[in-house]
Amino acid sequence: MTWSNVIAVSPALAKRFSAANGDHVEVTVGARHVEGPLWIMPGQADNTVALYLGYGRTRAGRVGDNLGYDAYRVRPRAEPWLAQGSLRKLETREDLAVTQLHHRLDGFDLAREISPGQVERAKPEQASLYAPWPSSKNAWGMVIDLDSCIGCNACVTACTAENNVPVVGADQVRAGREMHWLRIARYYTGDVAEPRSFFEPVPCMHCEDAPCEMGCPVHATTHSPEGVNQMVYNRCIGTRTCSSYCPYKVRRFNFYDYRRPADSSEHAAHNPDVTVRSRGVMEKCTYCTQRIEAAHVAADKENRPIRDGEVVTACQQACPTKAIVFGDINDPNSEVSRLKRDGRHYVLLEELGTRPRTTYLARWRDDDTESRSG
Amino acid sequence: MSEPSDILPTRQSMGGIAEQLTSIPLHFPADRRWVIAMTVASALLLLLMVSVVELFTRGVGIWGINIPVNWAFAIHNYVWWLGIGHAGTLISALLLLTGSEWRNSLNRFAETMTLFAVVCAGIYPILHLGRPWYVYWMFPYPATMGVWPQFRSPLEWDIWAVLTYLTVSLGFWYTGLIPDLAAARDRATRCGWQIFSASRRSDGAGQ
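First to last, the protein sequences are chains X and W.
First residue of the first sequence: 65, per our numbering; consecutive thereafter.
First residue of the second sequence: 5, per our numbering; consecutive thereafter.
Spelled out as structure tokens, the structure:
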């Protein structure tokens, strides 16, 4: 959800009101009421309505004004978190600027759960016709622990700030052109009234056998010796083949010139170590290559190898639960190498044979009944 | 030159047909209708020009594409025009294979249609680019950057495929055009047509 907050209701309640996502509803608590867009939240308790605070501001500047509704208008002082109220569906509706349209896992194992009995110590690596990636001094890799991830989106915010990712506005998000280099994919399985829900951060996988590199006609996306899938902005002519070939759909394209004017405050706030991309150029997660290079420079100046934990990507730095771990997989003692040997470790879309460097740790299944039967 | 032939209407001879054909460029059979049709076509072409200028100045975002659907009409139209081109090639090939003697009139029309359809298709790999002014990077030339195109990419193969198709269609078209060029050469006052018709004979035995 971008550029707005919502009034969340359970699927059953939405059905009772014959309401769909985006329909305007009015919530009345006591003498006061507020109107906002409806959102169907799988798993929310029936007969409850969730109101989200923090939006509806009127003096927040150009970007913050008039977004969503102000939930403080109906928040009672005596009981700030729980109140009795009523819901009424209105005639109008709006198109919400959401980045994910499909939430059902549909039997795919994109976001995995694992119970203690299912943990395997050693899994055979999938056979491939392609030669393994030649070794280098440092080989960068990343592990994301789905058990620790709370879906807070701090990694997305940090990445956007670190890498000068443009803000495209609600209209462009509605068109499907959000530029966030990583997304928090939210999936549901099971019954819509009582689903299991998953958060999965998906940045660029930096595949060793990257389909994007094969598709680019001008060598605009290449592979560094250290395993980082590089995006060469200056060479990109914008055929968008790489995005078409990417099975993870983590690449973002500058459909318009999303840059701010050179004399604006946003431009001054840009990270000077990162190129600002122009119109017609593809961009994606770079494993914070500017930070990797800074670590190389520091290590070379002191004539030593890069230490584990010296390179911290922006997403890793911001994560409050330390769900993202980045490091050198050539070093068997690095934290990322240890996690890649973990029994919960799995590869997203492994059957495609892309051999990504960004992998996941499955979530622990915390429901006792399921682990007994599963 | 004036003996009748099996495939022509008995009233006409070869020379008469040649006379009719070569007079078309000089005197349009229907002046006003042609002007009206040309005006309409030019207006549509002008619309294309305006659209292309808008596309190049504002960006490929004026189309309704996004991630993941990032090609949509660009690739549809590309394949559409190539399909129309293939129709012309198919007609020519079928007529040749079935040995139809009356194929020549249709062959000319089919091959011309193919050529222009391939040209129409060929503009889409340029139009759909995010930075179309760098389209020449997809062609192999010794660049000062020291980078060549990435030949494993199917988009790179597209360039070669369309170029081959264009060249071969041009060859077919030209081959069918030779007799008419010869007829024009017979009636031309300047020597330019001799080059196109690939012969200097002027005895008029065109077919």
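We treat Cβ as the ideally placed atom computed from N, Cα and C, and that holds for glycine.
- When the beta-carbon positions are compared, LEU174/X and GLU264/X come within less than 8 Å of each other.
- Runs of the alpha helix (DSSP H) lying entirely within the stretch 196-270 of chain X and spanning at least 4 residues, in chain order: 218-226, 234-238.
- Within the model, the alpha-carbon separation for PRO180/X versus TRP428/X is close to 8 Å.
- DSSP places LEU146/X outside both helix and strand once states are collapsed to three, so it counts as coil.
- In the displayed model, ASP327/X falls within coil according to three-state DSSP, outside both helix and strand.
- In the DSSP annotation of this structure, VAL139/W is not part of any alpha helix (DSSP H), being labelled neither H nor E.
- Under the Cβ distance rule, CYS223/X does not count among the residues neighbouring chain W, no pair being separated by less than 8 Å.
- Close to VAL83/W, with beta-carbon spacing below 8 Å, lies no residue of chain X; the smallest spacing is near 14 Å.
- Of all residues in the stretch 304-331 of chain X, those with a C-beta nearer than 8 Å to a C-beta of chain W are ARG304, THR305, SER307, SER308, LYS313, ARG315, ARG316, PHE317, ASN318, PHE319, TYR320, ASP321, reading in chain order.
- Across the set TRP141/W, ILE127/W, TRP152/W, ARG36/W, the C-alpha of ILE127/W shows the shortest separation from the C-alpha of LEU86/W.
- Beta-bridge pairing by DSSP links ASP87/X to ARG157/X.
- Within its own chain, the residues whose Cβ lies closer than 6 Å to the Cβ of ARG238/X, once the five positions on either side in sequence are excluded, are ASP159, ALA161, listed in chain order.
- Non-local beta-carbon contacts of ALA218/X in its own chain, meaning distances under 7 Å to residues more than five positions away in sequence, involve ALA382, CYS383, PRO384 in chain order.
- Just measuring C-alpha positions, the residue of GLU277/X, VAL282/X, PRO281/X, ASN298/X sitting nearest SER288/X is GLU277/X.
- Note on the stretch 21-92 of chain W: whole alpha helix (DSSP H) runs with a minimum of 4 residues are 35-62, in chain order.
- Nearest CB-CB separation between GLY134/W and chain X: below the 8 Å threshold.
- When secondary structure is reduced to three states using DSSP, ASP392/X falls in the strand class.
- The C-beta separation of LEU412/X from TYR312/X comes to about 7 Å, placing the pair in contact by the 8 Å criterion.
- Going by C-alpha positions, PHE155/W is about 9 Å away from CYS280/X.
- Contact annotation: PRO144/X and GLY94/X have beta-carbon atoms that are not nearer than 8 Å.
- Residues of the stretch 110-143 of chain W that bring their beta carbon within less than 9 Å of a beta carbon in chain X comprise PRO129, HIS132, LEU133, GLY134, ARG135, PRO136, TRP137, TYR138, VAL139, TRP141, MET142, in sequence order.
- For PRO136/W, the closest C-alpha among the options ILE71/W, ARG36/W, ARG62/W is that of ARG62/W.
- The criterion of a C-beta distance shorter than 8 Å is not satisfied by MET269/X and GLU347/X.
- By the rule that beta-carbons nearer than 8 Å mark a contact, SER157/W touches chain X.
- ARG341/X is not a Cβ neighbour of THR377/X, given a cutoff of 8 Å.
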